[in-house]
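Chains as they are written, first to last, in the working numbering: chain Y, 1180 to 1408; chain W, 31 to 293.
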């Protein structure tokens, strides 16, 4: 039941956005954060074959079936997280980056992230003055069950709340900021460990950027509809 | 025959300071490719990596994270941006078949760059956190090595580190879309080149006429997680000049213990 083929026609020199019929799975093994259950991952493989040519391209992603919800609690004002409907007590670590000269490696990511799991943590917060972390970072968070809070590139110190006060309206080129944000979202969005996008560190991004990010990152209405069998 | 799929370009890179290289990108990727040598400005490079990463690899600078060594490394504010504008160069072989297409991918470059491949120039726009995918099918050499050279420019506003230091230095870096810690913070000294470089993976991907771009996977759940749906959207691009009839396949495989797979 986990195999599905559809036929499409793509015009010459053309692009199409193809949405597949939803693939039904009965009682899939769910992905859970560290300390709540197993980090079950499925390999989702997409291949495209062209008539009279054969296989043209393929794409594979380890994918975790999970539902992450978070809202601000009216009593405490804190953010409450739920994973697959279960509330979770967040035990998190602060993350800036692997190495100041960006000598990034899978081995270092694996070691650092497994270390966080061994310390019984279940979330890593990527600080806005550092990087949008790399797919290898997220892969090991998927494997070891570390939820990720990923900030965009705004910090209070540099963007309007520092001393001296500077860049009150953030970076000079807002379109460039949003282009980088959208490309980063596409790069990272399929990782089950990605739990929360955050505008910046100790600062709200400029109004236009913040509204655009909230718009881009809302759950698409298509996924809020109840699908009847 | 070029295998369909992605190949990393992560070895055999050379680098040189732009002010020490007289040739332009066209010559570097045609008549006068870079080479190492006692009088050559070229050195072995760490790609992915930054300019400082390459200089450190070649012991041209001390390790900035030992003692006060960072104080002995020239800051970009004092040297000017050209001092940390570097060439990175490599060669690769790729013999594609008819109706195969080849893309050159940079997953991240800080901060802007011009790419030269076999004498052809392609300008990469600014931004530290964006991917660049270039269709190089028509400029590849089928029977010999392809020569690639990339000149990488630092962020537009590298800023100046005040004598007293401080979180984010003079905050100029905040004018760009780049990592802000590089002007120094309470936990790290300023990074002298502001992390200029090809700091994430470079790859070549070979496809047939149709390629898959940025699929999006979403799972939804019903009946207390008994019933789940996997929603998949993907962009499909037809590079050919004829309509492409395709069949697209999704396969979801659970890897059980001991390497047994459930399809």
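Don't be surprised by glycine CBs; every beta carbon is placed ideally from N, CA and C.
With DSSP run on the structure shown, which of helix, strand or coil describes residue 179 of chain W?
strand
Let me know if residue 272 of chain W comes out buried or exposed under the rule of 16 or more other beta-carbons within 10 Å of its beta-carbon.
exposed
Give the residues of chain Y in contact with residue 205 of chain W, contact being defined as C-beta atoms less than 8 Å apart.
1346, 1350, 1351
Are residue 1301 of chain Y and residue 1267 of chain Y closer than 9 Å when you measure CB to CB?
yes
Smallest Cα separation from residue 63 of chain W: which of W/235, W/45, W/224?
W/45
Looking at C-alpha atoms only, which residue of W/270, W/238, W/275 is the closest neighbour of residue 1191 of chain Y?
Distance from the Cα of residue 1191 of chain Y is smallest, within the candidate group W/270, W/238, W/275, for W/270.
Quick one: grab the DSSP three-state call for residue 1402 of chain Y.
helix
Quick one, which of Y/1365, Y/1215, Y/1255, Y/1211 has its alpha-carbon nearest residue 137 of chain W's?
Y/1365
Against chain W, with Cβ distances strictly below 9 Å, would residue 1391 of chain Y count as a contact?
no
Only counting the same chain, and skipping five residues up and downstream in sequence, which positions put a Cβ closer than 6 Å to that of residue 281 of chain W?
none
Quick check on residue 1201 of chain Y - is its C-beta less than 9 Å from some C-beta in chain W?
yes
Is the Cβ of residue 1240 of chain Y closer than 9 Å to any Cβ of chain W?
yes
Please list the residues of the segment 1278-1301 of chain Y that have a C-beta atom closer than 8 Å to any C-beta atom in chain W, keeping them in chain order.
1279, 1280, 1281, 1282, 1283
In the DSSP assignment, the beta strand (DSSP E) including residue 1272 of chain Y goes from what residue to what residue?
1271-1274
Which partner residues does residue 47 of chain W have in the DSSP bridge list?
W/116
Is it true that the segment 220-232 of chain W meets the segment 259-269 of chain W, where meeting means three or more beta-carbon pairs spaced less than 8 Å apart?
no
Under a three-way DSSP split, which group does residue 100 of chain W fall into?
helix
For residue 224 of chain W and residue 185 of chain W, which I take to be in contact (beta-carbon distance under 8 Å), what is that distance rounded to the nearest angstrom?
5 Å
Assign residue 1229 of chain Y to one of three DSSP states: helix, strand, or coil.
strand
Given 8 Å as the limit, tell me if residue 1241 of chain Y has its C-beta closer than that to any heavy atom belonging to the ligand FAD.
Annotation note on the ligand FAD: not contained in the displayed structure, which lists no ligands.
Between the beta-carbon of residue 115 of chain W and the beta-carbon of residue 190 of chain W, is there less than 9 Å?
Residue 190 of chain W is positioned such that its CB atom lies no closer than 9 Å to that of residue 115 of chain W.
State yes or no: is the C-beta of residue 264 of chain W within less than 9 Å of the C-beta of residue 1197 of chain Y?
yes
By the criterion of Cβ-Cβ separation under 9 Å, what are the contact partners of residue 124 of chain W in chain Y?
Simply none; closest approach about 16 Å.
For residue 1181 of chain Y, return the contacting residues in chain W, with the cut-off set at a CB-CB distance below 9 Å.
260, 280, 281, 282, 283, 284, 292, 293
Please report the straight-line C-alpha distance between residue 200 of chain W and residue 1380 of chain Y, rounded to a whole angstrom.
18 Å
Could you give the residue range of the alpha helix (DSSP H) that holds residue 236 of chain W?
Counting along the chain, no alpha helix (DSSP H) covers residue 236 of chain W; the unbroken beta strand (DSSP E) around it starts and ends at 232-237.
Which residue from W/277, W/275, W/252, W/268 puts its Cα closest to that of residue 1207 of chain Y?
Residue 1207 of chain Y has its Cα closest to that of W/252, out of W/277, W/275, W/252, W/268.
State the CB to CB distance for the pair residue 256 of chain W and residue 1205 of chain Y, rounded to an integer number of angstroms; the pair is presumed to be in contact (CB under 8 Å).
7 Å
What would DSSP say about residue 109 of chain W, mapped onto helix, strand or coil?
Three-state DSSP puts residue 109 of chain W in a helix.
Sort out for me which residues DSSP pairs residue 1203 of chain Y with in a bridge.
Answer is W/259, bridged to residue 1203 of chain Y.
Among residues of its own chain, excluding the 5 on either side of residue 1276 of chain Y, which ones have a beta-carbon nearer than 6 Å to its beta-carbon?
1309, 1310
Are residue 158 of chain W and residue 209 of chain W closer than 9 Å when you measure CB to CB?
With a cutoff of 9 Å on beta-carbon distance, residue 158 of chain W and residue 209 of chain W are scored as near each other.
Between the segment 231-242 of chain W and chain Y, which residues of the former have CB atoms less than 7 Å from a CB of the latter, in chain order?
237, 238, 239, 240, 241, 242
Measuring alpha carbon to alpha carbon, tell me which residue in W/82, W/87, W/118 is nearest residue 48 of chain W.
W/118
Using a 10 Å radius around the Cβ and a threshold of 16 neighbouring Cβ atoms, would you call residue 1401 of chain Y buried or exposed?
exposed
In whole angstroms, give me the CA-to-CA distance for residue 1336 of chain Y and residue 1344 of chain Y.
8 Å
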